[in-house]
Every structure is written in structure tokens, then in C-alpha cells.
Amino acid sequence: MIEVLHPGLQTQLQDSGRWGWQADGVPVGGAMDGWSHRVANLLVGNADDEATLEILLQGPRLRFARAACIALVGAELPLTLDGQSVPAGQRLPVPAGAELACGRARAGLRAYLAVQGGFDVPPVLGSRSTYVRGGFGGWQGRALQAGDRLPLGPAGTAPSSITALADTSPTLPDADRIEPVLVVPGEHWAAFPADVRRAFGATAWRVGPQSDRMGYRLQGPALGAPALGELLSEGVAFGTVQVPPDGQPIVLMAERQSTGGYPKIAHVAAVDLPLLAQMAPGQRLRFELISADRAQALLEDRERHLALLRLALLETP
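First residue of the sequence shown? That's 18 in the working numbering, and the numbers climb one at a time after it.
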């Protein structure tokens, strides 16, 4: 069991998402930065879809009632165990009774805390992900609060004696630069005028303050509308870039709605979704158009890299 001494800012349980219920209006949800979530689970020997604690900007302070192995991956957070600084990005043993404290992010926005054996909370519609708007999933359908006691699953054994792997950290955005974000053309790309398409790629967009797990609202010069008339609502995906009537693009994120009726100018390449998920309000970005084939190749490279990390753990005595 883990006791929450201080909850941090919107710390909540997330896994790989609640698939198969979008037709009923239930969003997929799940970890915003799927790469960091999966690597954290990998380091402690969990399955990819085991629930982790998604930590937003300011981390929690936790007391472990029993010994455990943990890994924290994602945003750079200062991490202490009983007041002593310990490294993130690797597997760490936590003695029974110890206090783990996560500080404020120095780079990036979200970090993922995996515990060997996972969190023993009941799945809702096939997932342990928290859906705060719906009030279900995760721990009592909400972010953590002080005094919560999170049950843990059976610890099992570590995947190997190795505690750290090279190249497990995500690429974190640099707050002082305009970060490139790869996109592929959306369904309505060709319907936008040529000057609008050029402006979409040339503008240094800023992540707006109203951005959240549902969508990132970008700020910049208003984009003109395509000559499409009224559109029917249709399915949307993680990374879909819509252009509403005010011309300010919205990038749909993990907790997006099931359907949308705004023109879809582009779609963020899956390989760059973790980077986007680590961008805080105020971060500047510029879209870089690539082909769907290139986006697929980059994603396959990322998956091969994860497979090599998993193999390195399995082969290390």
C-alpha cells in the first residue's frame, strides 16, 4: 500500500487507455506520454498497459507501507527518498516505511511513476485509467488527495539485475526554442487555401493556457477556413489538428472527444505525441509536414528501440 501524504498537482492513475467505448461517447484517455509510461513499466518488469501515476508539473509525496521497486520516467523532477536525492530514469528499491517525494518539473510537464506489480484498483470498462470528467476509473474516478491509500499488486521479481538503461528518456521540449513537431496531412489538408497551408507550417504557435488532457489550444495568427461548407461530425484521433471557426488550431490529445466536426488540417505523427504531451502552456512549436510513410517508418524505429530495451533487460543476468 502507498499512502498519499501530499497529492501534487492533478496526480492520477493512467494506463494505455480505455479502448472500444468511443461509440458510446467514452474517450480513450490513458497516458498522455505513452513512451515514458511504457518505459517506466518496462524498468520494473510490468506489462506495457499496467497503470502508472501520471504526475503533472508538481509531484506528490508518498509513504510506502511495504518494500517496492519503482521507476520514474518523463519530465525532469527532483526525486528524494527519505530526504536523500535519488536518480530518476531507472529502477529503484524503496524500503518499507520510506517516503518518496517528487518535486517540481525542471523540464517537461509530465512524469510517470511505475511500481512493480502495478496498482490493485478495479478496471472500469477494461481500463484503470482515470477519467475525471466522467468521475470513474483510476482511484475513485479522481486525482489523488492527501490521505488516499493506494493498494499495490503482487510485486513479483525484477526483470533482471540491471537497474538503468541508456536512451530511455523522452525528448523533452526546450522552453527557450521553437520545437518542431512532425505532422502528416489531415483529411481536409487539400481543401485549405495554399496560403493557409503555408501559414500553418511557418507559424510559431504557442500552447495556450486552456490546454489540457482533452486538447491543446494553440495561439497564433488565425487560419482561414477551407471551402467545405458544413461538415458532419466524424471520428477523431490522438493528434488530430482541427481548425475551429476562430482559426486557432486545436490538437486533440489523449482524453479527446469521440467525434469532431471541425476541418482537420493535419495529424501529429505518433512518434511526436510524447514530445507534444511534455509541452507546457507558453511553449512554442512549429509544425513540420512529412509523408504518412515517413511517419510510419519513424514510429517503427521507435518501437524497435523499445524492443531492444526490453531485450537488454531480459538478457542481463
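C-beta atoms are modelled at their ideal positions from N, C-alpha and C, and glycine is treated no differently. All of these numbers come straight from a predicted model, not from anything done at the bench.
- As for any beta strand (DSSP E) of minimum length 3 sitting wholly inside the segment 97-184, the runs are 108-111, 116-119 and 124-132, ordered along the chain.
- Per DSSP, the continuous beta strand (DSSP E) segment holding V90 begins and ends at A85 to E93.
- Boundaries of the beta strand (DSSP E) around P197: I195 to P202.
- Counting of Cβ neighbours within 10 angstroms places P190 among the buried residues, the total reaching 16 or more.
- The beta carbon of A57 sits closer than 6 Å to the beta carbons of T69, A88, V90, Y129 and A131 from its chain, once the five residues preceding and following it are set aside; these are given in chain order.
- DSSP places G218 in the uninterrupted alpha helix (DSSP H) bounded by A211 to A219.
- CA-CA distance, A324 to L330, rounds to 10 Å.
- Per DSSP, L293 is not a residue of any beta strand (DSSP E); the alpha helix (DSSP H) it occupies stretches across L290 to A294.
- Contact between the segment 200-213 and the segment 276-291 is present: three or more C-beta pairs spanning the two stretches fall below 8 Å.
- Here P110 is actually not in contact with D137; their C-beta atoms are around 20 Å apart, not less than 8 Å.
- For the 8 Å CB-CB criterion, L74 and A122 form a contact.
- Here G154 is near S146, since their CB atoms are less than 8 Å apart.
- Residues of the same chain with a CB within less than 7 Å of the CB of R273, apart from the 5 flanking positions on each side, are P44, M231, G232, V253 and F255 in chain order.
- Between G135 and G170, the alpha-carbon positions lie close to 5 Å from each other.
- Nearest C-alpha to L302 among A309, R311 and L290: L290.
- In summary, Q227 is exposed, with fewer than 16 beta-carbon neighbours lying within 10 Å of its beta-carbon over all protein chains present.
- Straight across, the Cα-Cα distance linking P262 with A219 is about 20 Å.
- Contact annotation, L235 with Q265: C-beta distance approximately 6 Å; criterion of less than 8 Å satisfied.
- When DSSP states are grouped into helix, strand and coil, H54 belongs to the helix group.
- A direct Cα-Cα distance of roughly 7 Å separates R127 from D50.
- In terms of Cα proximity to A124, the closest of S33, A244, L94 and G164 is L94.
- When DSSP states are grouped into helix, strand and coil, W36 belongs to the coil group.
- The bridge partners DSSP lists for R303 are P197.
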